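Residue numbers (our numbering), protein chains in the order written: chain A, 12 to 159; chain B, 11 to 157.
1. For residue 64 of chain B, report the span of its alpha helix (DSSP H) as first-last.
2. Can you give me the Cβ contacts of residue 117 of chain A inside the same chain, cut-off strictly under 8 angstroms, excluding the 5 residues immediately before and after it?
3. What's the gap between the Cα of residue 150 of chain B and the Cα of residue 49 of chain A?
4. Mind checking residue 154 of chain B: buried by the 16 CB within 10 Å criterion, or exposed?
5. So does the segment 49-64 of chain B actually touch the segment 129-143 of chain B, counting three or more Cβ pairs closer than 8 angstroms?
6. Excluding sequence positions up to five away, which residues of its chain have a Cβ less than 6 angstroms from the Cβ of residue 34 of chain B?
7. Who are the Cβ neighbours of residue 112 of chain A in its own chain at under 8 angstroms, not counting the five residues just before and after it?
8. May I ask you to report which of helix, strand or coil DSSP gives residue 155 of chain B?
9. Would you identify the three-state DSSP class for residue 26 of chain B, choosing helix, strand or coil?
10. Where in the segment 94-159 of chain A do unbroken runs of the alpha helix (DSSP H), each at least 4 residues long, occur, reported from the N-terminal end onward?
11. For a cutoff of 8 angstroms on Cβ pairs, would you count residue 154 of chain B as touching chain A?
12. What is the DSSP secondary structure of residue 46 of chain B, reduced to helix, strand or coil?
13. So, at 6 angstroms on beta carbons, what are the nonlocal neighbours of residue 97 of chain B in its own chain, with the 5 sequence-adjacent residues on each side left out?
14. In whole angstroms, what is the alpha-carbon distance linking residue 151 of chain A and residue 110 of chain B?
15. If we ignore side chains and look at the alpha-carbon of each, how far apart do residue 33 of chain A and residue 45 of chain A end up?
16. Starting from residue 38 of chain A and walking both ways along the alpha helix (DSSP H), at which residues does that stretch end?
17. Which residues of chain A have a Cβ atom closer than 8 angstroms to the Cβ of residue 150 of chain B, listed in chain order?
18. Return yes when the Cβ of residue 117 of chain B is within less than 8 angstroms of the Cβ of residue 133 of chain B, no when it is not.
19. On the CB-based measure, 16 or more other CB atoms within 10 Å of its CB, does residue 40 of chain B come out buried or exposed?
20. Hey, could you find the ends of the alpha helix (DSSP H) residue 127 of chain B is sitting in?
21. Going by alpha carbons, who is nearest to residue 160 of chain B out of B/101, B/139 and B/107?
22. Going by Cα to Cα distance, which pick from A/122, A/156 and A/37 is closest to residue 84 of chain A?
23. Please report how far the alpha carbon of residue 95 of chain A lies from the alpha carbon of residue 134 of chain A, in whole angstroms.
24. So, are the CB atoms of residue 159 of chain A and residue 50 of chain B less than 8 angstroms apart?
25. Identify, in the order they occur along the chain, each residue of the same chain with its Cβ nearer than 7 angstroms to the Cβ of residue 152 of chain B, setting aside the five sequence neighbours on each side.
26. With 16 as the cutoff for other CB atoms within 10 Å, does residue 115 of chain A come out buried or exposed?
27. Count the other CB atoms, across all protein chains shown, that sit within 10 Å of the CB of residue 73 of chain B; report buried if there are 16 or more and exposed otherwise.
28. How many angstroms separate the CA atom of residue 95 of chain B from the CA atom of residue 82 of chain A?
29. Hey, quick one: how far does the alpha helix (DSSP H) through residue 72 of chain B stretch, first residue to last?
This is the structure we're talking about:
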């Protein structure tokens, strides 16, 4: 089945289908929610990242919005850890580092990185197989980008 | 209410540019270095601004006005002189921030043309950012915009 079909909401109440599109978005959503709330700046950053990606370029804002609504419902139902456990295996490995960089960008978007977010990012780094030294470089750059 | 950032960085500095005007001027220059300003680039620029503490209290209308004013100033002074003026009015602590955001804007559409590459390199020099630091920034930003 083409991955694009994952985004089409047929209105069923069945469990959310989980392809690369949902997986990538779920990682960014989890980054935003890992401190217990969805900050406006973080959600804005998340949606901007998705709209800009070729991965989502064939889909309308309404389709992406619908997917996000379903992911938020799934997040509320099962929590961040379960969502990440479902998301990582469906993201193409060549997008692991991109997912990690964008997750860090979402976390830095409100310029506050609390202990929950630090733990989340460290766990995500391991799951997405990003080397610790590489992660340090990513933190440094995105901290600078989001300063001010 | 006026934010701390607006109070601290919003004062007019030499050559009549505030930090907000200087920052947006550099971003706009990166959009216009290929002599075309696409609506999507303006939208990307405004998205970048609205996320920043520096522009706290700036709504879409105020951001649009800021961009329009910067466009007029850029056309009047020319790219090189205008960028110099912006940099001289930009707080030093925002130099890497503006460079990272310029990199993010130029690679966002997946096309990094020669004019943009030349502009980014010239900007790096004008901002006194080391080549290794600049390469690290661009490398992470390219990965961010992959996919």
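We put the CB at the ideal spot given by N, CA and C, even for glycine.
Note that the structure is predicted; figures quoted are calculated from it, not measured.
Well, looking at it:
1. As a first step, residue 64 of chain B must be located in the second chain, where it is residue number 54. Run containing residue 64 of chain B: none; DSSP gives neither H nor E here.
2. Here the question's residue 117 of chain A lines up with position 106 in the first chain. Around residue 117 of chain A: 39, 42, 43, 53, 56, 57 and 60.
3. On the second chain, position 140 is the one that residue 150 of chain B refers to. On the first chain, position 38 is the one that residue 49 of chain A refers to. Those two C-alpha atoms are separated by around 25 angstroms.
4. By one-based count along the second chain, residue 154 of chain B stands at place 144. So residue 154 of chain B ends up on the buried side.
5. no
6. As a first step, residue 34 of chain B must be located in the second chain, where it is residue number 24. Contacts found: 76 and 80.
7. Taking the first residue of the first chain as position 1, residue 112 of chain A is located at position 101. Correct list, in chain order: 149 and 153.
8. As a position in the second chain, residue 155 of chain B is number 145, starting the count at 1. In this structure, residue 155 of chain B counts as coil in the three-state DSSP scheme.
9. The residue given as residue 26 of chain B occupies position 16 in the second chain. Reduced to three states, the DSSP call for residue 26 of chain B is helix.
10. 107-119, 126-138 and 143-157
11. The residue labelled residue 154 of chain B in the question sits at position 144 within the second chain. At least one chain A Cβ lies under 8 angstroms of residue 154 of chain B.
12. As a position in the second chain, residue 46 of chain B is number 36, starting the count at 1. Reduced to three states, the DSSP call for residue 46 of chain B is coil.
13. Mapped onto the second chain, residue 97 of chain B falls at position 87. Only 136 meet the Cβ criterion.
14. The sequence position of residue 151 of chain A within the first chain is 140, counting from 1. The sequence position of residue 110 of chain B within the second chain is 100, counting from 1. In a straight line, the C-alpha of residue 151 of chain A is about 11 angstroms away from that of residue 110 of chain B.
15. Start at 1 with the first residue of the first chain, and residue 33 of chain A comes out as number 22. Start at 1 with the first residue of the first chain, and residue 45 of chain A comes out as number 34. Using only the alpha carbons, I get a separation of about 17 angstroms.
16. Stepping through the first chain from its first residue, residue 38 of chain A is reached at position 27. Note, residue 38 of chain A: alpha helix (DSSP H), 31-44.
17. As a first step, residue 150 of chain B is located in the second chain; it is residue number 140 there, counting from the start. Residues of chain A passing the Cβ test: 112, 148, 149, 152 and 153.
18. For the purposes of this step, residue 133 of chain B is identified with residue 123 of the second chain, where counting begins at 1. For the purposes of this step, residue 117 of chain B is identified with residue 107 of the second chain, where counting begins at 1. It is not a contact, given that the beta carbons lie outside the stated cut-off.
19. Locating residue 40 of chain B in the second chain gives position 30, counting from the first residue. Here residue 40 of chain B is buried, its C-beta having at least 16 other C-beta atoms within 10 Å.
20. Taking the second chain and counting its residues from 1, one reaches residue 127 of chain B at position 117. Run containing residue 127 of chain B: 124-136, per the alpha helix (DSSP H) assignment.
21. For residue 160 of chain B there is no data in the structure shown, the boundaries of chain B being 11 and 157.
22. Your numbering for residue 84 of chain A matches position 73 in the first chain. The option with the nearest alpha carbon to residue 84 of chain A is A/37.
23. Counted from its first residue, the first chain places residue 95 of chain A at position 84. Counted from its first residue, the first chain places residue 134 of chain A at position 123. Rounded to the nearest angstrom, the two C-alpha atoms are 10 angstroms apart.
24. Numbered from 1 along the first chain, position 148 holds the residue referred to as residue 159 of chain A. Numbered from 1 along the second chain, position 40 holds the residue referred to as residue 50 of chain B. The answer is no: Cβ separation not under 8 angstroms.
25. Locating residue 152 of chain B in the second chain gives position 142, where the first residue counts as 1. Closer than 7 angstroms at Cβ, skipping near neighbours: 117.
26. Position 104 of the first chain, counted from the start, is the residue given in the question as residue 115 of chain A. Residue 115 of chain A is buried by the Cβ-count criterion.
27. Residue mapping note: residue 73 of chain B aligns to position 63 of the second chain, counting from 1. Under this definition residue 73 of chain B is a buried residue.
28. Looking up residue 95 of chain B in the second chain gives position 85. Looking up residue 82 of chain A in the first chain gives position 71. Their backbone Cα atoms lie some 46 angstroms apart in a straight line.
29. Numbered from 1 along the second chain, position 62 holds the residue referred to as residue 72 of chain B. It spans 70-87 - the alpha helix (DSSP H) in which residue 72 of chain B sits, taken as one unbroken run.
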